[in-house]
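Just below is one structure, and these are the notes that go with it.
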Amino acid sequence: MKNKLNGRDFITIGIFNAIGIVIYMAIAFAMATTVIGGFIASGVSFMVAATVYILMAVKVKKKGVFTISGTLLGLIALSGGHLPHAVFAVIGGIICDLIIGNYESKGRMIIGYGTFALADFLGTVIPVILFGTASFVERASKWKMSEAQINEALSYFKVSWAVGFGLITFVLACIGAFVATRILKKHFEKAGVI
Numbered sequence: 001m002k003n004k005l006n007g008r009d010f011i012t013i014g015i016f017n018a019i020g021i022v023i024y025m026a027i028a029f030a031m032a033t034t035v036i037g038g039f040i041a042s043g044v045s046f047m048v049a050a051t052v053y054i055l056m057a058v059k060v061k062k063k064g065v066f067t068i069s070g071t072l073l074g075l076i077a078l079s080g081g082h083l084p085h086a087v088f089a090v091i092g093g094i095i096c097d098l099i100i101g102n103y104e105s106k107g108r109m110i111i112g113y114g115t116f117a118l119a120d121f122l123g124t125v126i127p128v129i130l131f132g133t134a135s136f137v138e139r140a141s142k143w144k145m146s147e148a149q150i151n152e153a154l155s156y157f158k159v160s161w162a163v164g165f166g167l168i169t170f171v172l173a174c175i176g177a178f179v180a181t182r183i184l185k186k187h188f189e190k191a192g193v194i
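Pasting the structure below:
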């Protein structure tokens, strides 16, 4: 296995990320119609998109796949004015690549992917916990949330809730990655796609 990404790898990563991001955004927007849904949207999105991301990773099998994926997610967050979210997405991609290593362990791929999703979630919650709710209230108003919904959401921006929702996010993403590895083994390996 050559370790450096080449042009074909970048094209593969770009195509799969485009698909993964569309799935992620569609589910996240649908889930965010309720307050609790908004807090578990990242986990559900990554769970559903896991097959796309894991297939991309095993097709390329080189370090940097998730760093690039995190950077692309970060650019989308940045385009919406969410700098902390962007930073966490990139950091999550880097950590995911470090955990996965040389792609020889499915368990490491699953844990790495769960960590990638967890970092994405933390990028939306930690800034509000650390720096106050003003930025969230401003965004929530743009999203046409009612005052009651905003107040309900604010009640969940506590460390205890962040830990709970973070754990849910991690577990959902790991479940998605586990199912994805089973799907890949059953269908894509037999078909010769990977």
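The sequence shown begins at 1 in UniProt numbering and counts up by one.
Glycine residues also receive a C-beta, built at the ideal position from the N, C-alpha and C atoms.
- Taken through DSSP and simplified to helix, strand or coil, K61 comes out as coil.
- The C-beta of M47 has 16 or more other C-beta atoms within 10 Å across all chains shown, which makes the residue buried.
- K185 and V179 have their C-alpha atoms roughly 10 Å apart.
- Short of 6 Å from the beta carbon of T124, and not among the five residues preceding or following it, lie these beta carbons of its own chain, in chain order: H85.
- Residue state for N17 is assigned as helix, using DSSP reduced to three classes.
- With a contact defined as Cβ atoms closer than 8 Å, D9 and K62 qualify at about 6 Å.
- Cα atoms of A32 and A41: separation of roughly 7 Å, rounded to the nearest angstrom.
- When secondary structure is reduced to three states using DSSP, N151 falls in the helix class.
- Scanning I175, M145, S146, A18 for the CA closest to the CA of V52 turns up A18.
- Distances from the CA of A173 to each of M145, G43, N3 were compared; the closest alpha carbon is that of G43.
- A contact is defined here as three or more CB-CB pairs under 8 Å, and the region 151-159 fails this definition with respect to the region 23-30.
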